[in-house]
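Student: Structure incoming, see below.
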Amino acid sequence: VDTLKSFLQAQLPDVAMRHEYLENQVWERAWMDQFQPMQFGERTWLVPWNHDLPAGADNPDAAVVRLDPGLAFGSGTHATTALCLQWLDELATRGELQGRDVLDFGCGSGILALAALRLGAKHAVGVDNDPQALIATADNVHRNGLAIATYLPQDEPVATYPVVVANILASALDALADTLAARVAPAGRIAMSGILDGQQDELL
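Number 216 in my numbering belongs to position 115 of the sequence shown; there are no gaps in the numbering.
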């Protein structure tokens, strides 16, 4: 610690520093202690798997997803995920999700595919290039008593979907433009998220 502190002070001489010792813990899980239920749109709720249902989420019309993100991206706390959840909720409100098949490309924890099913989608497929994400999705699928087919990109069956959501990075959206376009059925809908302000014009 002293060596590191000396190094940092040499690099940043005008910055006041202090240090403290913390007990070791499973850091990638520690944030879950602050993970609270969240509502998106009119009906969609994310509730930690070990948390009681809050008021509103106990409504019979609520679309509740019980979630443990594990090590995968997708807890609802990030703005890009929240926007996608709101979009799915709006589709359901307009009757444009009921009975439809949904593709969640870059599924992470499976959060968007699960929400789509809770909101009335008929089937959902999740695709991710991270095997850990597929493990997290499978765990959350089991936790919610639902069914989602999951694939690595190279194993994904070629199909089209009336609803596609891709919450990934702009660079990945650009690289996957042809693939994503080919997955959207005629007159289908696609939501692309993960785009920073300033990236939209080039991506469009």
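Glycine included, every Cβ here is placed at the ideal spot set by N, Cα and C. These numbers come from a predicted model, not from an experiment.
1. What is the DSSP secondary structure of D256, counted as helix, strand or coil?
2. Check the DSSP bridge columns for I291 and list the partner residues they point to.
3. Is the CB-CB distance between I296 and V265 below 7 Å?
4. Assuming L189 contacts L198 under a Cβ cut-off of 8 Å, what Cβ separation, rounded to an integer in Å, is found between them?
5. For P263, would you say it is in contact with chain C, using Cβ-to-Cβ distances shorter than 7 Å as the test?
6. Please confirm whether S107 and T181 have their CB atoms less than 7 Å apart.
7. For G142, count neighbouring Cβ atoms within 10 angstroms of its own Cβ and tell me buried if that reaches 16, exposed if not.
8. With H243 as the anchor, note down where its alpha helix (DSSP H) starts and where it stops.
9. Give the secondary structure of L168 by DSSP, where H, G and I count as helix, E and B as strand, and everything else as coil.
10. In the DSSP assignment, what are the bridge partners of M139?
11. Can you tell which of D256, I212, R144 and G221 has its C-alpha closest to the C-alpha of W150?
12. Given a cut-off of 7 Å on the beta-carbon distance, is the pair N241 and S210 in contact?
13. How many angstroms separate the CA atom of D202 from the CA atom of Q112?
14. Just confirm the distance between the C-beta atoms of L215 and V166, as a whole number of angstroms; I'd bet it's less than 8 Å.
15. When you compare each of V228, L154 and E191 to Q137 by their alpha carbons, which one comes out closest?
Tutor: A quick look at the data gives this:
1. The residue you call residue 256 lines up with position 155 of the sequence shown. In this structure, D256 counts as helix in the three-state DSSP scheme.
2. The residue given as residue 291 occupies position 190 in the sequence shown. DSSP, once it has assigned bridges, lists V265 as partnering I291.
3. Here residue 296 corresponds to residue number 195 of the sequence shown, with the count starting at 1. Here residue 265 corresponds to residue number 164 of the sequence shown, with the count starting at 1. Their beta carbons are not under 7 Å apart, which means I296 does not touch V265 by this criterion.
4. Locating residue 189 in the sequence shown gives position 88, where the first residue counts as 1. Locating residue 198 in the sequence shown gives position 97, where the first residue counts as 1. Indeed they touch by this definition, with Cβ atoms about 7 Å apart.
5. The displayed structure is made up of one protein chain only, and chain C is not part of it.
6. To locate residue 107, count along the sequence shown from 1; it is residue 6. To locate residue 181, count along the sequence shown from 1; it is residue 80. The answer is no: Cβ separation not under 7 Å.
7. Here the question's residue 142 lines up with position 41 in the sequence shown. Buried, by the Cβ-count rule.
8. Taking the sequence shown and counting its residues from 1, one reaches residue 243 at position 142. Where H243 is concerned, the enclosing alpha helix (DSSP H) starts and stops at P232 to N245.
9. Position 67 of the sequence shown, counted from the first residue, corresponds to residue 168. Note: L168 maps to strand in three-state DSSP.
10. Taking the sequence shown and counting its residues from 1, the one referred to as residue 139 is at position 38. Per DSSP, L147.
11. As a first step, residue 150 is located in the sequence shown; it is residue number 49 there, counting from the start. Per the Cα distances, I212.
12. The residue labelled residue 241 in the question sits at position 140 within the sequence shown. The residue labelled residue 210 in the question sits at position 109 within the sequence shown. In contact: N241 and S210 (Cβ atoms closer than 7 Å).
13. By one-based count along the sequence shown, residue 202 stands at place 101. By one-based count along the sequence shown, residue 112 stands at place 11. Here the alpha carbon of D202 sits roughly 55 Å from the alpha carbon of Q112.
14. To locate residue 215, count along the sequence shown from 1; it is residue 114. To locate residue 166, count along the sequence shown from 1; it is residue 65. In this structure, L215 and V166 form a Cβ contact; the two beta carbons are roughly 5 Å apart against a cut-off of 8 Å.
15. Along the sequence shown, read from residue 1 onward, the residue named residue 137 stands at position 36. That would be L154, whose Cα lies nearest to the Cα of Q137.
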